[in-house]
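Remarks on the structure that follows.
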Amino acid sequence: MKEFIKLPATERNNYISFHEHSSRDNLRHAEKNMLEFPRWSVISGYYAMHDVTKLFLAKQYNIKVSAPDIHAKTIEALEACIKEEKIKRRLLELLKEAKEIYFSVERLKERVLPAMLRKGKQERGKSQYYTEDYSKTTAIDSRKASYFLETIVKPYVLLIEGLMA
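Numbering (the numbering used here), first residue to last: 450 to 614.
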């Protein structure tokens, strides 16, 4: 596996605690703001995914991800870690369970996690930054935010939490 920055022992507890709370807070914020502020719901949903991924990397691999390019580095570290046979097997089990509840995630096998995180990052970018003509009907509404939360964010968070169980 590629070398990533090791989480210092002196920082480990605080880093893990921060990302546990941050990922939960972001998910709750996304759920609560879906109707009134759907754009922020998508943004917070992505950050729930991002922070739970950094929590997984810290807890399971003692990896600390930081700037610059923190989002790309997080995806890269996740891709490297899920290639490990033990994690790969567990993830495939979780995907079989998840396909009953969510969309057809199983067909992508272990590649689904980085793909979901990339999709979350892409949707967050479209919501957070000016990237299109908002005079069209492409603006984020509560239906799009709800779909994003239910089909990308929540399944992703559950899969990552399952890998930490």
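The C-beta atom is built at its ideal place from N, Cα and C for all residues, glycine as well.
Can you check which of these residues, the options, is closest to residue i by C-alpha distance?
i: A458; options: Y496, I512, Q577 and K568; result: I512
i: V602; options: G569, A529 and H520; result: G569
i: S576; options: M483, D518 and S515; result: M483
In whole angstroms, give me the CA-to-CA distance for residue i and residue j.
i: D590; j: A479; result: 13 Å
i: K481; j: R461; result: 30 Å
i: N574; j: Y496; result: The residue asked about is misnamed: residue 574 is Gly in this sequence, not Asn. Looking at the two C-alpha atoms, the distance is approximately 11 Å.
i: G611; j: E485; result: 31 Å
i: E534; j: L540; result: 10 Å
i: I531; j: R567; result: 15 Å
i: A594; j: L506; result: 27 Å
i: Y578; j: Y510; result: 32 Å
i: E528; j: L456; result: 18 Å
i: P604; j: E572; result: 16 Å
i: D474; j: G494; result: 10 Å
Could you pull out every residue in the same chain whose Cβ sits closer than 7 Å to the Cβ of residue i, ignoring the five residues on either side in sequence?
i: L504; result: I465, H468, E469 and S472
i: K451; result: A529
Suppose the cutoff is 8 Å on Cβ atoms and the five residues either side in sequence are ignored; what does the same chain contact list for residue i look like?
i: V606; result: S472, L476, A497, M498 and V501
i: M613; result: L504, F505, K508 and Q509
i: H520; result: H499 and K570
i: I454; result: I512, K513, V514 and S515
Skipping 5 residues on each side, what residues in its chain have a beta carbon closer than 6 Å to that of residue i?
i: L543; result: L608 and G611
- Message: Quick test of the definition: if touching needs 3 or more C-beta pairs under 8 Å, does the region 515-526 touch the region 557-574?
- Response: yes
- Message: Three or more C-beta pairs under 8 Å: does that hold for the region 482-501 against the region 597-614?
- Response: yes
- contact_flag[the region 498-509, the region 467-478] where n(CB pairs < 8 Å) is 3 or more: yes
- Taking the runs of the beta strand (DSSP E) that are 3 residues or longer, which of them lie wholly in the region 452-524? none
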